[in-house]
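Following: one structure in structure tokens, then a few remarks.
Protein chains: 2
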Amino acid sequence: MESSSPSPSSLNNFRIVYLITQMVGATIVILMGSWVGVHLGGFAWTSRPAIEFNWHPLLMSIGMIFLYGNSMLVYRGFRYARKKPLKITHAVIHGLAFVFTVVALVAAFDSHNLATPPRPNMYTLHSWIGLTAVILFALQYVFGFTAYLFPGVRDSLRSTYMPVHVFFGILGFILAVAAALTGLLEKAIFSMQNYSSLPPQAVLVNMIGMLLVVYGGLVVFLVTEPMYKRKALPEDVMLLTHSPSSQ
Amino acid sequence: MESSSPSPSSLNNFRIVYLITQMVGATIVILMGSWVGVHLGGFAWTSRPAIEFNWHPLLMSIGMIFLYGNSMLVYRGFRYARKKPLKITHAVIHGLAFVFTVVALVAAFDSHNLATPPRPNMYTLHSWIGLTAVILFALQYVFGFTAYLFPGVRDSLRSTYMPVHVFFGILGFILAVAAALTGLLEKAIFSMQNYSSLPPQAVLVNMIGMLLVVYGGLVVFLVTEPMYKRKALPEDVMLLTHSPSSQ
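Going line by line, the protein sequences match chains A and B.
Per our numbering, numbering through the first sequence is continuous, rising by one, with the last residue being 420.
Per our numbering, numbering through the second sequence is continuous, rising by one, with the last residue being 420.
Structure (structure tokens):
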């Protein structure tokens, strides 16, 4: 939290850490796909509710983990772009993440409601943490959109809300990672009779969990490290008179 | 991440949030105690391994959650104290947290190894995340102690290491919260046949999990909000020539 002017070597470090973060994020999605695709029976929609569930972990890891992280990273990964396109990209990626999340939620609820007999929803700690993360995400989207993409909002309001938007954005992301970890664990316990003998599937699930921890740590580092903060560009100046001192 | 000079009103806010944080932390420990004490059969040591396990959640919530959080908060809760006593208090509370953690680990391993037949250790995602948190905690302790309480370490080394120490300290705390959430969930699934009908015990467990999320969020907010950063005192000046620009 000391200096905030990026030196060439700190930007070089940023590129390396950013690249590793992307690779870890992509690996999580691929491994999640192979877990549900290979070990849990593949994919179907409402015709086979038990298999429809498998969309839930896959789409959530794309939406609430990979896209959510990347949407936060946009301001730092593309530091030399102008502010306005970055804001729109941030909103579009988050919007995409939300679409994946809604379909993932439908898959989870369907897999309970369409089972014979139907199984209860929303009773595990995973579901409580996950719903909290999704609600926080949706509120952030509404407030963020209103504050920064609606024309005519007062500058003082925009800059007062910014640290709040950033804090709850990061909190929501960490909550999404916590929801993923609890979700992975409960599905592992529910679906593997031999979890305790650590078969390959169990190692795969635990490794996805550890990669989620690494990805979460890297994303939070990249978005909070003051050295990596985006600096205002000369071209921003006109824009900045309308949207000051955001991220 | 804007201003860093605390105004009277920001310090007033700090006191209120700090108080709420302590109340939430204490509530977690009390509810955890009543869960394992009332619903999971109380406490014993090696004579009854299944019951010995109950020390694990209780001692971990005291050590890795309540004390860990409070040890980080020491620099901000007692901002007007001199630096040296704060450093020693930080080390002592973390040391105490480590003692609770070690006994909690012994209780968990005993409950598996002394069962008839013995049950396997370290196979769930909870155990992998938890062990990572404990190892990170121990490394932080060794490096922090060496850097800041050993005399004669170069000032430049101390101040270079500070942001690393702070980052991994917060990461370790968040990991400890994630470990607590996964641990709560797996114990709930393993111990409740009727988790899905949300009996009072299930609501209690899920509420402890939600309070952990709130406590984690509040602690991270209090230790990262720049307004609440401790300022150097006049009496620190002599001390500061030996240990510059730490938290």
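C-beta atoms are modelled at their ideal positions from N, C-alpha and C, and glycine is treated no differently.
Please read all numbers here as calculations on a predicted model, not as lab measurements.
* What residues from chain A crowd round residue 222(B), counting only those whose CB sits closer than 7 Å? -> The premise fails here: residue 222(B) is roughly 16 Å from chain A at the closest Cβ pair, so nothing lies under 7 Å.
* **Local conformation of residue 313(A) per DSSP, three classes** => helix
* **8 Å contact criterion, which residue 231(A) and residue 247(A) should meet: CB distance rounded** => Going by Cβ atoms, the distance from residue 231(A) to residue 247(A) rounds to 23 Å, so no, they are not a contact pair.
* Quick one: grab the DSSP three-state call for residue 249(A). => helix
* Span of the alpha helix (DSSP H) holding residue 334(A)? -> 328 to 364
* residue 237(A) vs residue 349(A) beta-carbon contact at 7 Å -> yes
* Asked: By the 10 Å Cβ neighbour count, where 16 or more other Cβ atoms means buried, how is residue 253(B) classified, buried or exposed?
  -> exposed
* So what's residue 321(B) in DSSP terms, helix, strand or just coil? -> helix
* For residue 227(B), which three-state DSSP category applies? -> coil
* To do: Please work out which residues of its chain come closer than 6 Å, Cβ to Cβ, to residue 391(A), disregarding the five sequence neighbours upstream and downstream, and give them in chain order.
  => 194
* Asked: Do you know offhand how far residue 377(A)'s Cα is from residue 181(B)'s?
  -> 52 Å
* What is the DSSP secondary structure of residue 258(A), reduced to helix, strand or coil? -> helix
* If we ignore side chains and look at the alpha-carbon of each, how far apart do residue 400(B) and residue 275(A) end up? -> 37 Å
* Asked: Expressed to the nearest angstrom, what Euclidean distance is found between the alpha-carbon atoms of residue 325(A) and residue 383(A)?
  -> 44 Å
* **Near-chain B residues of the region 327 to 354 of chain A (beta-carbon distance less than 7 Å), N- to C-terminal order** => 336, 340, 344, 347, 348, 351, 354
* Please decide whether residue 225(B) counts as near chain A, where near means a Cβ-Cβ distance under 7 Å. => no
* Asked: Over what stretch of residues does the alpha helix (DSSP H) that includes residue 191(A) continue unbroken?
  -> 181 to 207
* **Residue span of the alpha helix (DSSP H) that contains residue 384(A), given as start and end** => 373 to 397
* Asked: Cα-Cα, which of 347(A), 317(A), 323(A), 298(A) is closest to residue 334(A)?
  -> 317(A)
* Taking residue 361(A) as the query, report the chain B residues whose CB atoms sit under 8 Å from its CB, ordered along the chain. => 297, 298
* Asked: Using a C-beta to C-beta distance shorter than 8 Å, which residues of chain B count as neighbours of residue 292(A)?
  -> 369
* **Which listed residue (272(A), 397(A), 217(A)) has its alpha carbon closest to that of residue 336(A)** => 397(A)
* **Secondary structure of residue 233(B), DSSP reduced to three states** => helix
* To do: Find the nearest neighbour of residue 261(A) within the set 319(A), 207(A), 215(A), judged by alpha-carbon distance.
  => 319(A)
* Proximity to residue 354(A) [Cα-Cα], best of 370(A), 379(A), 341(A) -> 379(A)
* To do: Go through its chain and collect everything with a Cβ distance to residue 224(B)'s Cβ below 7 Å, but skip five positions before and after it.
  => 214, 215, 216, 217
* **Cutoff 7 Å: residue 208(B) Cβ touching any chain A Cβ** => no
* To do: Compare the C-beta of residue 379(A) with all C-beta atoms of chain B and state if any pair is closer than 7 Å.
  => yes
* For residue 305(A), go through chain B and note every residue whose CB falls closer than 8 Å to its CB, in chain order. => 383, 386
* To do: Check each candidate in 197(B), 372(B), 387(B) and name the one with the smallest Cα separation from residue 212(B).
  => 372(B)
* To do: Measuring alpha carbon to alpha carbon, tell me which of 359(B), 290(B), 219(B) ends up nearest residue 280(B).
  => 219(B)
* To do: Could you check which residue in 328(A), 300(A), 293(A) has the C-alpha nearest to that of residue 357(A)?
  => 300(A)
* **Where residue 284(A) sits in the DSSP three-state scheme** => helix
* Asked: Comparing the C-beta of residue 301(B) with each C-beta of chain A, is any distance below 7 Å?
  -> yes
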